[in-house]
Amino acid sequence: MIKSDPQFNQFNKLHHFLSIDGLDKTTLTHILDTAEGFTSVNDKAIKNVPLLRGKTVANLFFENSTRTRTAFELAAKRLSADVLTIDLVSSSTKKGESLLDTLRVLEALQSDMFVVRHSDSGAADFIARHVAPTINIINGGDGQHAHPTQAMLDMFTIRRCKGDFSKLCVVIIGDIRHSRVARSGIAALVTLGTAEVRVVGPQTLMPADVESLGVTVYRDIDKALKDADVVMGLRLQSERMSSATIPSTSEFYQAYGLTPERMRLAKPDAIVMHPGPTNRGVEIAASVADGKQSVILQQVTYGIAVRMAVMSIIMGHGEEVREAEMNKE
Ligand code: CP
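Numbering of the sequence shown is given in this note's numbering, commencing with residue 1 and proceeding in unit increments.
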């Protein structure tokens with residue numbers, strides 16, 4: 001555990017959830033184990049538990065989202081919290097109000113937790129450093145930096161479908177360079193002791209420091225897929241590309257598209273994952289996205305239990321901070 005990590009409070013407990021970096025295997029495993037308990041809640045007729053009753057969770061989405069926003073909203077409601085979902089894509093920040101002014105307004109609304117999605121890398125970290133110490137922050141995706149709850153729901157899906165990480169070969173295909181999902185997913189896979197993490201894609205879509213992340217880099221997708229247990233596609237993040245990085249989407253599909261023929265190179269029981277939104281015929285064939293090996297919709301469902309786990313864990317530790325603040329007064 002890194003003491004200067006802004007994710008940890010003065011008691012060295014996880015207080016914010018901003019990034020997988022700095023979290024150890026015990027912490028990640030605790031989140032996965034807690035999420036296991038919440039899947040049974042989600043399977044019941046009455047899906048609510050009173051863990052966050054009386055708390056207010058504000059979903060601050062400065063960038064568009066479907067899966068993350070709705071899963072967080074459902075997770076908070078199933079924990080019995082009051083939920084504010086504020087569409088900041090078309091809010092007063094567009095009228096010139098600074099991010100800090102907007103935060104002060106939301107603090108005044110007595111929120112206990114902010115879930116933040118922002119197009120700028122580092123936005124969730126910045127907010128965590130500027131809000132009242134009693135407020136917990138969860139990063140719902142910041143620029144091309146991190147998407148830690150997506151990484152945890154991906155790990156949960158892999159553990160449920162394939163078991164022990166130390167026996168698995170995981171392949172991540174495509175736009176690694178601009179993908180916060182890939183960055184957080186690789187960090188989680190490495191921390192959880194995955195036997196081999198391979199990345200494959202054109203050089204223009206690889207981060208400069210990619211090997212230092214603990215992965216094996218491939219250019220040839222057929223070689224990368226050989227005997228894989230888990231195959232993860234990624235969306236081309238065209239909104240984060242400042243210039244053309246591939247000749248065309250059809251050429252990208254020819255070279256790196258996840259087709260049924262290519263999937264035959266992986267193990268017969270390999271699973272296919274994708275964080276969404278999927279672009280059929282660009283990074284994945286429709287028949288693969290909808291095929292028997294696809295767990296893409298399971299990922300979405302597991303996202304609720306995993307977010308319930310993260311919220312309840314950090315909010316639990318939030319109580320310690322609130323008590324310490326009250327004792328100061
Ligand atoms: N996976 C993901 O972050 O999807 P959304 O952009 O729809 O939230």
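The C-beta atom is built at its ideal place from N, Cα and C for all residues, glycine as well.
The ligand CP heavy atom lying under 7 Å from the CB of Gln150: yes
Cβ-Cβ separation, Gln237 to Ser184 (assumed contact under 8 Å), whole Å: Their Cβ separation, rounded to whole angstroms, is 14 Å, which puts Ser184 and Gln237 out of contact at 8 Å.
The region 249–265 in contact with the region 197–205 per 3-pair CB rule at 8 Å: yes
DSSP three-state assignment for Asn42, whether helix, strand or coil: helix
Cα-Cα separation, Phe72 to Asp209: 32 Å
DSSP-derived helix/strand/coil call for Met113: Assigned with DSSP and collapsed to three states, Met113 falls in strand.
DSSP-derived helix/strand/coil call for Met1: Caution is warranted here: a pLDDT of 43 is assigned to Met1, below 50, making its placement in the model unreliable, and the coordinate value is therefore given only provisionally. DSSP places Met1 in coil when its eight states are reduced to three.
Which of helix, strand or coil DSSP assigns to Leu84: strand
8 Å Cβ cutoff met for Gly173 and Met232: Sequence check: residue 173 is Ile here, not Gly. Cβ atoms of Ile173 and Met232: closer than 8 Å.
Rounded separation between Thr216 and Gly54 - CA only: The alpha-carbon atoms of Thr216 and Gly54 are separated by roughly 47 Å.
Closer than 7 Å: Gly276 CB and nearest the ligand CP heavy atom: yes
heavy atom of the ligand CP below 7 Å from Asp54 C-beta: In the sequence under discussion, the amino acid at residue 54 is Gly, which differs from the Asp named in the question. Checking the Cβ of Gly54 against the ligand CP gives no.
beta-carbon Gly141 near the ligand CP non-hydrogen atom, thresh 7 Å: yes
From Ser4, Asp5, His16, residue whose alpha carbon lies closest to that of Gly316: His16
Candidates Arg104, Ala266, Arg117, Lys77: closest to Val131 by CA position: Arg104
Reference Val57; option with closest CA among Leu14, Ser294, Ser111: Ser111
For Ala195, the first and last residue of its enclosing beta strand (DSSP E): First-last for Ala195: undefined, no H or E at that position.
Cα-Cα separation between Ile271 and Met113, rounded to whole angstroms: Roughly 34 Å separates the two Cα atoms.
The region 22–35 touching the region 155–167, judged by at least three CB pairs closer than 8 Å: Output reads yes: the region 155–167 touches the region 22–35.
Close-in-space but distant-in-sequence residues of the same chain around Asn48 (CB under 7 Å, 5 per side omitted): Arg78, Ser80
CB contact flag (Leu106, Leu60, <8 Å): yes
Anticipated Cβ contact below 8 Å, Gly193 with Phe165, distance rounded: 5 Å
Contact test: Ser238 Cβ vs the ligand CP heavy atom, cutoff 7 Å: no
Runs of beta strand (DSSP E) wholly within the region 114–141 (minimum 3 residues, chain order): none
Residues near Gly303 in its chain [Cβ-Cβ closer than 6 Å; skip 5 each side]: Ala71, Leu153
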